[in-house]
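Residues in the sequence shown are numbered from 2 upward in steps of one, following the working numbering. C-beta atoms are modelled at their ideal positions from N, C-alpha and C, and glycine is treated no differently. For reference, the structure is listed below as structure tokens.
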Amino acid sequence: MIHPDTEVRFINPEKGYGVVATKLIPKGTITWVQDDLDRVFKRSELQSLNPYIRSHLHKYSFTNKYGDLVLCWDHGKFVNHSFNPSCFSTPYDFEIAIRDIHPGEELTDDYGYLNLEEPFSCIDENTERKTVYPDDILRYHQQWDALLLEHAREVLKQDQALLDLVPKKTWCEYINAVYNPSQMRSILECYYQPEPLLNGMAQY
């Protein structure tokens, strides 16, 4: 579930629609939690889907560490990419705001940790990275882990509207890791390694 203080708006012709804050979302706020209404599609299910449905599923879902496609049931599926994202995923099945997100500002993710199946060319943001690659997480996980650890204590300071959706065991594990950083799980856990084919190409 996406944070309740958000809505879908048309951003611009290049981006299309996106998710924006309707109220201030402070840094450290949990902005999304995977919940029981999110639809998880096994790889074995995909070929049985209508091709039109399958193409939309690939567009609006993300791939988890098991290779399953996760389709958010609410407008979480409209969150756009940015190399300077306002939100960041954690290996605990929730995302956090890594800066204050003001009313009218977009909630964005770095698609580099979403296991894309092919490179994704992005709008130029005057950043060193210009393209998202399927294995970005292998290159940047240490940097991203440091970023998540830097903001972890902020998560414990905020009133969390979505906290009831985080399993208690997961939340206790996260709190323990905040105070014992060596126990913090790595975002590298989110990586899905596709099976190679005989010709050396990845099988998604």
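Considering only P195, G105, D110, Y93, the residue with the shortest C-alpha distance to F84 is D110. Residue pairing by DSSP puts S62 in a beta bridge opposite L72. Exclusion of the five residues before and after G17 leaves no residue of its chain whose Cβ lies closer than 6 Å to its Cβ. Looking at the backbone, the Cα of P120 and that of D136 are separated by about 9 Å. Inclusion of K43 and E190 in the CB contact set at 8 Å is not warranted, their separation being larger than that value. In this structure, V133 lies away from V34, with their beta-carbon atoms at least 8 Å apart.
Assignment of beta-bridge partners to W33 by DSSP yields I3, E96. When Cβ pairs closer than 8 Å are counted between the two stretches, the stretch 73-88 is seen not to touch the stretch 49-56, the count staying below three. In the three-state DSSP reduction, G105 falls in the coil class, being neither helix nor strand.
For G19, the pairing in a beta bridge is given by DSSP as R10. Within a 10 Å sphere around the beta-carbon of G113 sit 16 or more other beta-carbons, which makes this residue buried. Taking C-beta separations shorter than 6 Å and ignoring five residues to either side along the sequence, the partners of G105 in its chain run V21, following chain order.
Apart from sequence neighbours up to five positions away, the residues of its chain that approach Y175 with a beta-carbon distance below 7 Å are Y93, ordered along the chain.
Residue nearest to S122 within the set D37, I97, N81, E8 is N81 (criterion: CA-CA distance).
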